[in-house]
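Numbering (our numbering), first residue to last: 6 to 456. Backbone N, C-alpha and C fix where the C-beta goes; we use that ideal spot for every residue, glycine too. Model, not experiment: these values are computed from the prediction.
Laid out in structure tokens, this is it:
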């Protein structure tokens with residue numbers, strides 16, 4: 006795939022790395038030559054200094070022959086204009102990052118009328134991720150498939166629970182036949198486990214199932230089924246704007262602490278049903294005054310990673326049920342696991358995963374057959390939802406007779422709205438949606454699950 010990326014910020018740099026690794030031909034356009042040189046020195050891509058909204062620059066980058074054009078500069082307007090120009094010049098598929106909340110209600114109209122294929126908002130997607138995780142107070146992280154019918158949740162195996170020392174075949178036969186343990190992280194090792202795998206205390210496991218079964222699973226571990234009713238958000242940026250709207254719609258009590266007075270006043274004017282406090286969210290005296298420890302959940306969304314980490318650690322110490330921490334530096338992930346933080350949200354990674362899914366779908370000979378893609382456990386595992394095409398090599402054959410690759414698991418099948426927990430005699434049929442969990446990298450076609 007020939008891909009042109011405009012903008013070498015955090016998302017642009019991550020996309021260059023991820024898409025180049027997958028074998029795509031990348032050209033990066035960036036106005037700052039120093040930033041461009043730094044990225045070119047560590048990536049096997051082409052680069053061009055210039056304004057991505059300039060026709061001459063786009064022509065020099067051969068945008069007219071691009072399969073995919075991605076605009077992720079800091080300016081929404083440049084992203085929109087450059088995507089429109091690229092489409093007019095001949096780029097096959099265009100993606101623009103648009104972050105301004107003022108545009109949020111107009112995204113579909115702008116996309117349709119301007120001919121931009123996809124318009125993405127990282128902060129809105131991060132807000133949806135956070136809201137989804139607040140639905141599962143006892144999970145470390147949550148991802149969803151099949152139109153929110155199936156959840157993939159990360160859970161810590163605690164010492165002296167029935168999971169500690171259990172063989173997975175026993176877990177299935179004795180406890181939960183419709184919940185699948187599909188990933189185990191033990192130290193630095195990652196496993197796609199078989200039925201003979203034995204869990205140990207300290208393992209971080211990913212289990213998949215429908216919400217009602219997962220609720221029973223949590224109860225079996227001694228967790229109370231408690232709904233999050235009150236949330237304190239530290240930081241009043243764009244994510245807070247989208248998240249507050251979602252939480253208020255769910256009738257949650259929301260308090261926002263924002264250090265910038267003008268921004269605090271703006272949020273207070275927009276969300277009359279939320280409590281907005283002007284102050285420093287890292288000030289322990291202020292937090293005590295605002296009864297910080299009495300809230301069910303704390304979402305740390307300041308612009309500084311270290312502040313967010315400290316706030317979440319403090320919230321854990323006070324016994325707050327759920328903490329969610331925004332982190333921009335992916336290199337910090339391993340440290341966060343050591344200090345015991347729960348859910349981590351990284352907007353640039355959410356958007357990068359989304360764009361990688363789109364690219365793989367377009368690369369695939371089957372067209373847009375990838376419905377959902379999550380890269381998990383430091384990108385060592387991928388959970389992919391495929392739509393099975395009519396001419397697939399894997400249809401109408403019992404799963405036990407398919408020569409499926411090692412370290413690959415078919416977790417669920419969704420057929421005409423019905424969820425199927427597959428056994429060896431089940432078959433895949435055209436139009437099924439299939440959730441695959443694998444350590445195989447760059448899987449872009451359901452047929453490639455075979456050896």
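- CA-to-CA, the gap between residue 395 and residue 55 works out to about 45 angstroms.
- A check of alpha carbon separations from residue 295 across 273, 30, 282 identifies 282 as the nearest.
- Within its own chain, the residues whose Cβ lies closer than 8 angstroms to the Cβ of residue 251, once the five positions on either side in sequence are excluded, are 132, 133, 136, listed in chain order.
- Bridge pairing for residue 443: 387, 413 [DSSP].
- Here the alpha carbon of residue 178 sits roughly 42 angstroms from the alpha carbon of residue 238.
- The three-state reading of DSSP puts residue 199 in coil, since its state is none of H, G, I, E or B.
- For residue 260, the enclosing beta strand (DSSP E) covers residues 258 to 263.
- In terms of Cβ geometry, residue 448 and residue 6 do not form a close pair [threshold 8 angstroms].
- Within the region 208 to 232, the complete beta strand (DSSP E) segments at least 3 residues long are 209 to 214, listed from N- to C-terminus.
- Of the candidates 97, 412, 124, 157, the residue whose Cα lies closest to the Cα of residue 140 is 157.
- Inter-segment contact for the region 39 to 46 and the region 114 to 126 is absent: fewer than three beta-carbon pairs are separated by less than 8 angstroms.
- According to the DSSP assignment, residue 186 belongs to no alpha helix (DSSP H) but to the beta strand (DSSP E) extending over 185 to 191.
- The Cβ atoms of residue 390 and residue 71 lie no closer than 8 angstroms to each other.
- Secondary structure note for residue 150: it is in no alpha helix (DSSP H), and the uninterrupted beta strand (DSSP E) holding it is 146 to 150.
- Taking 8 angstroms as the cut-off, the Cβ atoms of residue 77 and residue 28 do not count as close.
- Annotation for residue 127: 352, 356 place their beta carbon closer than 6 angstroms to its own, counting only its chain and skipping 5 residues before and after.
- Straight through space, the alpha carbons of residue 107 and residue 444 are spaced by roughly 40 angstroms.
- Note: residue 331 is bridge-paired with 350 in the DSSP secondary-structure output.
- Its chain contains 303, 328 as the residues whose beta carbon lies nearer than 7 angstroms to that of residue 320, once the 5 sequence neighbours on both sides are disregarded; these appear in chain order.
- Between the alpha carbons of residue 91 and residue 358 lies a gap of roughly 23 angstroms.
- Its Cα nearest to that of residue 350, the residue 145 stands out among 145, 11, 60, 96.
- Counting C-beta pairs closer than 8 angstroms gives three or more between the region 221 to 238 and the region 153 to 167, which meets the contact rule.
- When secondary structure is reduced to three states using DSSP, residue 301 falls in the coil class, being assigned neither helix nor strand.
- For the region 44 to 107, the full-length beta strand (DSSP E) segments reaching 3 residues or more read 51 to 54, 73 to 76, 98 to 102 along the chain.
- When DSSP states are grouped into helix, strand and coil, residue 287 belongs to the coil group.
- Residue 156 is bridged by DSSP to 149, 214.
- Counting the other CB atoms within 10 Å of its CB gives residue 124 a total of 16 or more, which places it among the buried residues.
- When the five nearest sequence neighbours on each side are left out, the beta carbons in the same chain lying within less than 8 angstroms of the beta carbon of residue 266 are those of 283, in order along the chain.
- Taken through DSSP and simplified to helix, strand or coil, residue 311 comes out as helix.
- For residue 35, the enclosing beta strand (DSSP E) begins and ends at 30 to 35.
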